[in-house]
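Report on the following structure.
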Amino acid sequence: MADKKEWPLWEVFIRSQHGLAHRHVGSLHAPDAEMAILNARDVYTRRNEGVSIWVVRASDISASSPSEKGPMFDPANSKVYRHPTFYEIPEELGHM
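Numbering (this note's numbering), first residue to last: 11 to 106.
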(Lines of atoms letter the chains of each structure in order from A and count residues from 1; the text may use other names and numbers.)
(Lines give C-alpha, C1' and ligand atoms only; values in the text may rest on other atoms or scores of the structure.)
Protein backbone atom coordinates (compact mmCIF):
# COMPACT_ATOMS: atom_id res chain seq x y z
CA MET A 1 0.00 0.00 0.00
CA ALA A 2 1.43 3.37 -1.01
CA ASP A 3 1.92 6.14 1.54
CA LYS A 4 -0.89 8.67 1.36
CA LYS A 5 0.59 12.15 1.67
CA GLU A 6 -1.87 14.97 2.30
CA TRP A 7 -1.45 18.17 0.32
CA PRO A 8 -0.56 21.27 2.36
CA LEU A 9 -3.29 23.57 3.65
CA TRP A 10 -3.51 27.04 2.07
CA GLU A 11 -5.33 30.07 3.46
CA VAL A 12 -7.15 32.05 0.76
CA PHE A 13 -7.57 35.84 0.63
CA ILE A 14 -9.69 37.60 -2.01
CA ARG A 15 -9.78 41.27 -2.97
CA SER A 16 -13.26 42.22 -4.11
CA GLN A 17 -13.98 44.48 -7.07
CA HIS A 18 -15.00 47.32 -4.77
CA GLY A 19 -12.42 46.86 -2.03
CA LEU A 20 -8.81 47.79 -1.44
CA ALA A 21 -7.94 45.06 1.04
CA HIS A 22 -7.81 41.30 0.70
CA ARG A 23 -10.19 39.40 3.00
CA HIS A 24 -9.73 35.87 4.32
CA VAL A 25 -12.41 33.70 2.72
CA GLY A 26 -11.37 30.17 3.63
CA SER A 27 -8.86 27.37 3.28
CA LEU A 28 -8.13 24.58 0.85
CA HIS A 29 -5.61 21.82 0.18
CA ALA A 30 -3.40 21.96 -2.93
CA PRO A 31 0.01 20.59 -3.94
CA ASP A 32 1.50 24.03 -4.70
CA ALA A 33 0.73 27.76 -4.82
CA GLU A 34 -0.23 27.79 -8.49
CA MET A 35 -2.82 25.04 -8.01
CA ALA A 36 -4.03 26.71 -4.79
CA ILE A 37 -4.75 29.91 -6.73
CA LEU A 38 -6.61 28.04 -9.47
CA ASN A 39 -8.65 26.06 -6.93
CA ALA A 40 -9.35 29.22 -4.92
CA ARG A 41 -10.62 30.92 -8.06
CA ASP A 42 -12.98 28.01 -8.73
CA VAL A 43 -14.20 27.69 -5.14
CA TYR A 44 -14.31 31.28 -3.86
CA THR A 45 -14.93 33.50 -6.91
CA ARG A 46 -17.74 31.77 -8.79
CA ARG A 47 -19.63 35.03 -9.43
CA ASN A 48 -16.67 37.12 -10.65
CA GLU A 49 -16.56 39.04 -7.37
CA GLY A 50 -12.78 38.94 -7.02
CA VAL A 51 -10.02 40.87 -8.74
CA SER A 52 -7.04 39.39 -6.88
CA ILE A 53 -6.30 36.17 -5.00
CA TRP A 54 -3.61 35.59 -2.39
CA VAL A 55 -2.80 32.14 -1.06
CA VAL A 56 -0.53 31.53 1.91
CA ARG A 57 0.62 28.15 3.13
CA ALA A 58 -1.02 27.83 6.54
CA SER A 59 2.20 26.49 8.07
CA ASP A 60 3.95 29.78 7.13
CA ILE A 61 1.56 31.97 9.13
CA SER A 62 2.69 33.23 12.52
CA ALA A 63 0.12 34.78 14.79
CA SER A 64 -0.21 36.21 18.27
CA SER A 65 -2.51 34.46 20.69
CA PRO A 66 -5.74 36.14 21.85
CA SER A 67 -4.82 35.06 25.38
CA GLU A 68 -1.72 37.31 25.14
CA LYS A 69 -3.77 40.37 24.14
CA GLY A 70 -2.77 42.41 27.19
CA PRO A 71 1.02 42.12 26.92
CA MET A 72 0.83 42.49 23.12
CA PHE A 73 -1.33 45.62 22.83
CA ASP A 74 -1.28 47.42 26.19
CA PRO A 75 2.07 49.18 25.55
CA ALA A 76 0.41 51.19 22.76
CA ASN A 77 -1.90 52.87 25.31
CA SER A 78 1.07 54.62 26.90
CA LYS A 79 1.98 56.37 23.64
CA VAL A 80 -0.35 59.36 23.65
CA TYR A 81 0.92 60.61 20.30
CA ARG A 82 -0.90 57.65 18.69
CA HIS A 83 -4.28 58.90 19.89
CA PRO A 84 -6.11 61.37 17.63
CA THR A 85 -6.68 63.72 20.56
CA PHE A 86 -2.95 64.53 20.55
CA TYR A 87 -3.30 66.52 17.33
CA GLU A 88 -5.17 69.75 16.74
CA ILE A 89 -7.11 69.90 13.48
CA PRO A 90 -7.20 73.32 11.82
CA GLU A 91 -10.70 74.78 11.57
CA GLU A 92 -10.40 75.28 7.81
CA LEU A 93 -10.33 71.49 7.37
CA GLY A 94 -13.83 71.20 8.79
CA HIS A 95 -15.24 68.14 10.45
CA MET A 96 -13.16 64.98 10.07
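Note that CB positions come from ideal geometry on N, CA and C, so glycine has one too.
Buried or exposed for residue i, please, with buried defined as at least 16 other CB atoms from any protein chain shown within 10 angstroms of its CB.
i          : result
residue 17 : exposed
residue 11 : With a pLDDT of 48 at residue 11, under the threshold of 50, the modelled position of that residue is not reliable, and no figure is offered here.
residue 73 : exposed
residue 24 : buried
residue 68 : exposed
Flag this pair as yes or no: are the beta carbons of residue i and residue j separated by less than 8 Å?
i          : j          : result
residue 37 : residue 60 : no
residue 62 : residue 28 : no
residue 19 : residue 39 : yes
residue 53 : residue 21 : no
Specify, as a first and last residue, the run of the beta strand (DSSP E) that residue i falls within.
i          : result
residue 24 : 19-26
Helix, strand or coil, according to DSSP, for residue i in the structure here?
i           : result
residue 30  : coil
residue 67  : strand
residue 36  : strand
residue 101 : helix
residue 79  : helix
residue 42  : coil
residue 50  : helix
Since residue i is in the alpha helix (DSSP H), which residue starts that stretch and which ends it?
i          : result
residue 58 : Unbroken run through residue 58: none, as it is neither H nor E.
Are the C-beta atoms of residue i and some chain C residue less than 8 Å apart?
i          : result
residue 61 : In the displayed structure, chain C is absent; only one protein chain is listed.
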